[in-house]
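Reviewing the structure listed below.
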Amino acid sequence: MGEEKQHSIPALPWMRDPVDITLSQQLPLHSVPSLHPKLKSALEDLGISNLFPVQVAVWHETVGPGNFERDICVNSPTGSGKTLAYALPLVQMLSDRITRCLRALVVVPTRDLALQVKQVFDAIASPLGLRVGLAVGQSSLADEISELVEMPAHDISTYYDPHHVSLPRFQSKVDILVATPGRLMDHINTTKGFTLEHLYYLVVDETDRLLREAYQSWLPTVLELIQSNDDGFFQPADSFFPCSVGALRTRRRW
1 MGEEKQHSIP ALPWMRDPVD ITLSQQLPLH SVPSLHPKLK SALEDLGISN
51 LFPVQVAVWH ETVGPGNFER DICVNSPTGS GKTLAYALPL VQMLSDRITR
101 CLRALVVVPT RDLALQVKQV FDAIASPLGL RVGLAVGQSS LADEISELVE
151 MPAHDISTYY DPHHVSLPRF QSKVDILVAT PGRLMDHINT TKGFTLEHLY
201 YLVVDETDRL LREAYQSWLP TVLELIQSND DGFFQPADSF FPCSVGALRT
251 RRRW
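In structure tokens, the structure reads:
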């Protein structure tokens, strides 16, 4: 018998040329390019004086000199600091937001992981005035809704017009949402005022676990909602980012 042919698995272009991360790439906070002073102080309050290699690499590709609009996939061992690796650039890039809308969605497979991720975000986002929400089914749906969405109280006489009455709009109470897929779908399907129309960043944590099961087809649903807003989605009425920042990528995995 002749030698069996080895079946090669096709690789996507970005998988053929990865950016390797070495263990010697730790960087002191004072040397991190463009790091917001309040973010630096928040990290120092946590006892962090250096960024780990994966955090340095992701910062370089998202905020630092290597940044440009694209999707990022990170493969790094447990305990290497991946959560902070994506949390830092998200908080940095959202720090200039003017109005509060849901700008970043972080999807994780389990409730326990979601609680850990939210704890990381809370520690660094609050000093910059950003609010982080949680949707994991830990409390009732009604309680979660009250934490995520509000309808502003307005004097109806302010809006009265004999030919047209403008109703108050629902508003997001959070800038960043950490969610499990099932609970995310609950809010998408049933929560009035919950919207992804202002979303800029989608983080899929532990992608292999999340894509192993359908979870009510959460990913196709989220991508459809994002893509359905393409005509006006990336140019919100409020001023948020400089014109050089373009569209949200539909499959951003950090």
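Numbering (the UniProt record's numbering), first residue to last: 1 to 254.
By construction, the Cβ of each residue, glycine as well, lies at the ideal position given by its N, Cα and C atoms.
Nothing here was measured: the structure is a model prediction, and the numbers come from that model.
Which whole-angstrom value is the C-beta distance of residue i and residue j, which I expect to be below 8 Å?
| i | j | result |
| --- | --- | --- |
| Ser-41 | Pro-28 | No, Ser-41 and Pro-28 are not in contact; Cβ-Cβ is about 15 Å, not under 8 Å. |
| Val-136 | Thr-180 | 5 Å |
| Leu-94 | Leu-43 | Going by Cβ atoms, the distance from Leu-94 to Leu-43 rounds to 16 Å, so no, they are not a contact pair. |
| Leu-199 | Leu-105 | 6 Å |
| Phe-170 | Met-151 | 5 Å |
| Ala-85 | Phe-121 | That belief does not hold up - the Cβ atoms of Ala-85 and Phe-121 are roughly 13 Å apart, past 8 Å. |
For the candidate residues the options, whose alpha-carbon lies nearest to that of residue i?
| i | options | result |
| --- | --- | --- |
| Arg-16 | Cys-73, Trp-59, Thr-22 | Cys-73 |
| Arg-209 | Thr-190, Val-107, Gly-79 | Val-107 |
| Asp-96 | Leu-128, Glu-69, Gly-133, Phe-121 | Leu-128 |
| Leu-12 | Asp-71, His-30, Pro-37 | Asp-71 |
| Leu-148 | Ala-123, Glu-69, Ala-125, Ile-188 | Ile-188 |
| Gly-47 | Tyr-215, Ala-123, Leu-177 | Ala-123 |
| Tyr-201 | Asp-175, Gln-119, Thr-22 | Asp-175 |
| Val-91 | Thr-62, Phe-194, Ser-76 | Thr-62 |
| Leu-177 | Thr-195, Ala-87, His-60, Leu-134 | Leu-134 |
| Asp-45 | Leu-115, Gln-26, Phe-194, Ala-125 | Ala-125 |
| Glu-197 | Arg-100, Gln-26, Gln-138 | Arg-100 |
Just the Cα atoms here: how many angstroms apart are residue i and residue j?
| i | j | result |
| --- | --- | --- |
| Pro-18 | Asp-143 | 43 Å |
| Leu-51 | Thr-78 | 16 Å |
| Arg-111 | Trp-218 | 16 Å |
| Thr-190 | His-30 | 46 Å |
| Asp-20 | Trp-14 | 12 Å |
| His-36 | Gly-182 | 34 Å |
| Ile-98 | Arg-212 | 38 Å |
| His-60 | Gln-227 | 28 Å |
| Leu-248 | Glu-224 | With a pLDDT of 26 at Leu-248, under the threshold of 50, the modelled position of this residue cannot be trusted, and the question is left open. |
| Val-56 | Ser-140 | 38 Å |
| Val-204 | Thr-195 | 18 Å |
| Glu-69 | Gln-216 | 29 Å |
| Ser-76 | Pro-220 | 26 Å |
| Leu-39 | Gln-119 | 15 Å |
| Lys-192 | Gln-26 | 45 Å |
| Gln-138 | Ala-214 | 21 Å |
| Val-32 | Asn-67 | 14 Å |
Does the beta-carbon distance from residue i to residue j come in below 8 Å?
| i | j | result |
| --- | --- | --- |
| Ser-80 | Val-54 | yes |
| Pro-109 | Glu-206 | yes |
| Thr-83 | Val-132 | no |
| Ser-24 | Gly-64 | no |
| Leu-102 | Ser-146 | no |
Using only the heavy atoms of the ligand HEM, determine whether one of them is closer than 7 Å to the beta carbon of residue i.
| i | result |
| --- | --- |
| Thr-190 | The ligand HEM is absent from the structure shown, which contains no ligand whatsoever. |
So what does residue i bridge to, in DSSP terms?
| i | result |
| --- | --- |
| Leu-35 | BP columns for Leu-35 are empty, so no partner. |
| Ile-176 | Ala-104, Val-132 |
| Pro-77 | Bridge partners of Pro-77: none, in fact. |
| Glu-150 | Gln-171 |
| Tyr-201 | Ala-104 |
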